[in-house]
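So the sequence lines, in the order shown, correspond to chains A and B. Under our numbering, the very last position in the first sequence is 1651; numbers go up by exactly one each time. Under our numbering, the very last position in the second sequence is 562; numbers go up by exactly one each time.
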Amino acid sequence: MVRKFSAALVALAAASGVALAQVPAGYPADYAQVVAAAKKEGKVVVYSALDTKAAQPLIRDFNALYPDVKVEYNDMNSTEMYNRFIAEQASGQGGADVMWSSAMDLQVKLVDEGHAMPYASPESKAIPQWANYKSEAYGTTYEPAVIVYNKRLVTGDQIPTDHASLAKILAANPEKYKGKVTTYDIEKSGVGFMFVVQDYKDFPQMDGLVKAFGETSYKVYSSTGNMLEKTSSGEHLLGYNVLGSYALARAKKDPGLGVVMPKDYTLVLSRVIFIGKGAKQPNAAKLWVDYVLSKRGQKVIGDDCQLYSMRDDVEGENTAAALKKKYGGNLKPIPVTGEITQYLDPQKRLAFLAHWKQALHAK
Amino acid sequence: MARAPATETLPRALTILATAAAVFGPLSLIAYQSFLNAPFFDKNATAGLDAYRFVFADSDFWQAFKNSFLIAAGMTIIAVPLGGMLAFVMERTDLKGRGWIEPLLLVPSFVSPMVLSFGYVVAAGPVGFYTVWARELLGGAPWGIYTVLGMTVIAGLTHVPNVYVYASAALKNLGSDVEEAARVAGASPFRVAANVSLPLILPSLLFSGVLVFFLGFELFGLPLVLGDPEGILVLSTYLYKLTNKLGTPSYHLMAAVAVCIVGITFPLVLLQRVLLKGSRKYASIKGKAGRLRELPLGPWSWVAYGLIFAWIFTAVVVPVSGIALRSFVTNWGEGVNLSEVLTLDNFRQVWGEPTLVRAIWNTVLVGVVGGLLTVICYTAIGFATHRRNDGWSRFVDYLVLVPRAIPGLLVGLAFLWLFLFVKPLTPLRSTLFSVWIAYSVVWLAYGMRLISSSLLQVSPELEEAARSVGASRGRVSRDVTLPLIRYGLLGSWLLVFMIFEREYSTAVYLLAPGTEVIGAQLVSLWQGGAIDMVASLSLVNIVLVAVGLGIALRFGVRLRD
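As structure tokens, then:
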């Protein structure tokens, strides 16, 4: 597959060599100025919650397209990203040209507080409505929240198929799952918190599931990687609300890890991207954002980064189209809207956390 | 005392001033932040005590406080006697094989605690390699590492090197005549250690004990990896949890917790001062120190070997073999046949990643060059207070202990703020300088203690002799004191190198292109879940430091002859 990819790269590079200074198909003619200005800027600084390793194919392909624009890619967790970005904005120094994070709520909050540079991407037409926030921020991926299990130790009817069956399995086998269930620590992980908020909207018996977690004395982590590692090793047996993009990528290499898309509904997270206000390299930033949203960039996101591409017109295994074909209307993308920031209000958030704790220890 | 000329007082004043600025810059920012109800750069921030009110009303805080105290006390009780004994055996006896044992003793202190903890999870967790083997061979694995006790024991054992390095540096400078006297009177080697040698180096032991206690309050990686999933909080992980508990970073709450931590550790500093009031009586390099003679251990050597290897096995072999094994497999755990999952991909990925390769280089640079610069700075501070019993010396003594009391994560954040908002500093933000200064401040107490322990052991009459023949203060420092403490300084460089290699939390917020270091990259990779790379990069880190340590030790051995 790697060879196929590099062959494609060579072909693309050859093709783009000619079209370099030209405008991508369907873009306005004055885009040539953006490209030229970006070339002069010479680099784009990206802050991202996606680790460098996973983003590498995207960076390489971007460089094949725009060899004169260096990508300074900084991966960090979404909270750090937010911290650094607001500090940099307040100091007026600038740092990030592009913010790209899975903490959708924090991203939207930054946009709402005026930290984004409005930018109507030429790609907007091809982007679903739910993924376009005021032409300032865009959803870029289509990553399902899944259930993972240890294939060696969880088999047959022990494998949950949806939210209700998960609750039932846990309730019926308290001994087997004691200390063996894991999910996000919602006090620490913004993504985990967001998933649970959505769960309460979509799954009426959520309190029951939370109670089942409490009864198995579930274990919590702040990142998907840890949950995958420990579920694969057998320290835990089931992981709930794990990021499907990471889980499926790992499941391909790791025969011990099974992945379930809940049948009743599967939440979908979309990494949100925007250009920082006062970006030092605004044109290069535009190129990066347009590229990530473009059909070509989305194809790389799906095929090589093993995230799921969000555009409906991109084909392949890891795409929204493929997921929709398989799971139909049960996919629930979390829309990029102002509504998702409501729990960033401290009082509301603490109240929600208190409810969660109460549900955990319900009799 | 005669009034000193300006050429002598000016460098001293500048040194003290610079140190104070480096310490109080970030600290005052943190203190100021704790009395606001929003980030200090937020226009809507107003003053108030809301942060403290929230923290003190939170039951999690009190739970975390209790756990921190238990762990810190427990690990001090474990680390100090063990570290002192090891130092005695290594420095004062004829035990064979010391040359190759010593590097092993230092291993736990150069592995990032984050990684060490991960090593324990893989090796001794519920389905770890050793746990599964123990279950097969013995029918049970009677340890639980995900408990307060488990963490205390691991923290205690892995902090033994901190005590060991201080104690052995002090023992090196100790004449052996008193030990021989005890030996002639019929004392066993361990009796000599407990009743003669170790009491003689009490200042070093006390310092290291207090520091281990400090470190206990600052433990982060270990409770994060081992305790968090179980809901066991300590102060630093509680603070970390506050980063996100309210959805957006709650700097004011974090700062309030940091201030509380300083409030706990400051009385310790006072206690330490009292304990060291009579430090003169410990002066042990006398004008006519005899040649060092090694104590024959005889049959006791087996006890020593047993002690050393049991400790090395638990604190080094178990976690490091865990990480090593993990770095060569794709997956692991209950029911996995390891021979089927072997791979070298994890390393290929690291080498194929320019930022990680750069991180490796930067880490070496910060450790070797930065470490040397740091020791030079620390020595300058040491000389600024050496043999001066005035108010400034006392001020510096308190000053250097302060930053160690604040979690590195927050010091790093405070330095990021400084580099962002103090205009003359801003061009330095994306250079390794930012990481170096943050590291130097965070580890100030740690390094200073080693240097002042060495300084304390230089008997004043040697310096007074030089003074009486007309040498200036600077000349005495250069030609008498400095050569006498060179082992201590070399030890400090080594120590500083090691801790700079392993440091992880301080650089997290300073991570930017150009400032990548392995520690911060590990945290970042861990967060992203790239555990394959965490394992292989850790192994690279261990190997790297082992090579560096080997070179340093060779150098040290040659000097000792």
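Idealized CB from N, CA, C, for every residue including glycine. Predicted model, so just to flag it, every value in this text is computed and none were measured.
Where does residue i fall in DSSP's three states?
i          : result
Leu206(B)  : helix
Ala1384(A) : coil
Ile146(B)  : coil
Thr1429(A) : strand
Ala23(B)   : helix
Ser1336(A) : strand
Phe221(B)  : coil
Glu517(B)  : coil
Val544(B)  : helix
Asp1363(A) : strand
Gly1527(A) : strand
Thr1449(A) : coil
Gly1564(A) : strand
Ala1317(A) : coil
Ile31(B)   : helix
Using a Cβ-Cβ cutoff of less than 6 Å, which residues in the same chain neighbour residue i once the five nearest sequence positions on both sides are dropped?
i          : result
Val1498(A) : Ala1647 and Leu1648
Gln1586(A) : Ser1597, Arg1599 and Val1602
Ser565(B)  : Chain B is shown from 2 up to 562; residue 565(B) falls before or after that span and cannot be answered.
Gly372(B)  : Trp494, Val497, Phe498 and Phe501
Met1515(A) : Thr1470, Tyr1509, Gly1527 and Val1530
Pro1384(A) : For clarity, residue 1384(A) is Ala in the given sequence; the question names Pro instead. Same-chain partners within the cutoff: Val1333, Tyr1335, Phe1373 and Gly1564.
Where does residue i land, buried or exposed, given buried means 16+ other C-beta within 10 angstroms?
i          : result
Gln458(B)  : buried
Arg476(B)  : exposed
Trp303(B)  : exposed
Arg1538(A) : buried
Thr432(B)  : exposed
Ala156(B)  : buried
Asn338(B)  : exposed
Asn542(B)  : buried
Less than 8 Å between CB atoms is the rule here; does residue i satisfy it with respect to chain B?
i          : result
Leu1632(A) : yes
Ser1423(A) : no
Leu1690(A) : Residue 1690(A) lies beyond the range of chain A shown here (1289 to 1651); nothing can be said about it.
Val1602(A) : no
Val1469(A) : no
Lys1464(A) : no
Glu1627(A) : no
Gly1566(A) : no
Lys1540(A) : no
Quick one: is residue i near chain A, going by C-beta distance under 8 Å?
i         : result
Phe422(B) : yes
Val258(B) : no
Lys246(B) : yes
Ala125(B) : no
Trp333(B) : yes
Phe416(B) : no
Val509(B) : yes
Pro230(B) : yes
Leu374(B) : no
Gly336(B) : yes
Thr427(B) : yes
Pro104(B) : no
Val128(B) : yes
Phe62(B)  : no
Thr249(B) : yes
Excluding the five sequence neighbours on either side, which residues of its own chain have a C-beta within less than 7 Å of the C-beta of residue i, listed in chain order?
i          : result
Val213(B)  : Met76, Thr77, Ala80, Val81, His160, Asn163 and Val164
Phe55(B)   : Leu254
Lys1568(A) : Gly1382 and Asp1385
Gln34(B)   : Phe41, Tyr252, His253 and Ala256
Less than 8 Å between C-beta atoms, sequence neighbours within five positions excluded: which residues of the same chain meet that for residue i?
i         : result
Ile438(B) : Ala23 and Phe416
- [ ] Name, going along the chain, the residues of the segment 1471-1504 of chain A whose beta-carbon falls closer than 8 Å to a beta-carbon of chain B.
- [x] Residues passing the 8 Å Cβ filter: Asp1473, Glu1475, Lys1476, Ser1477, Gly1478 and Phe1481.
TODO: Output, in sequence order along the chain, the residues in the segment 1375-1394 of chain A whose CB is closer than 8 Å to any CB in chain B.
DONE: Cβ contacts with chain B come from Ala1375, Glu1376, Ala1378, Ser1379, Gln1381, Gly1383, Asp1393 and Leu1394.
Task: Contact set between the segment 1343-1374 of chain A and chain B, restricted to residues whose Cβ is under 8 Å from the partner - done: Look at the segment 1343-1374 of chain A: the residues with a C-beta under 8 Å from a C-beta of chain B are Gln1344, Glu1360, Tyr1361, Asn1362, Asp1363, Met1364, Asn1365, Thr1367, Glu1368, Tyr1370, Asn1371, Arg1372 and Ile1374.
Task: Against chain A: residues of the segment 345-356 of chain B by CB proximity under 7 Å - done: Per Cβ criterion, the list reads Gln350, Glu354 and Thr356.
Task: Selection of the segment 1415-1441 of chain A by Cβ proximity to chain B, strictly under 9 Å - done: Sequence-ordered contacts of the segment 1415-1441 of chain A with chain B read Asn1438, Arg1440 and Leu1441 [C-beta pairs closer than 9 Å].
Task: Positions along the segment 90-118 of chain B whose CB lies within less than 8 Å of some CB in chain A - done: Going along the segment 90-118 of chain B in chain order, one finds no residue with a Cβ nearer than 8 Å to chain A.
TODO: Taking only beta carbons into account, state which residues of the segment 41-59 of chain B come closer than 8 Å to chain A, listed in chain order.
DONE: Those residues of the segment 41-59 of chain B that come within reach of chain A (Cβ to Cβ, closer than 8 Å) are Phe42 and Asp43.
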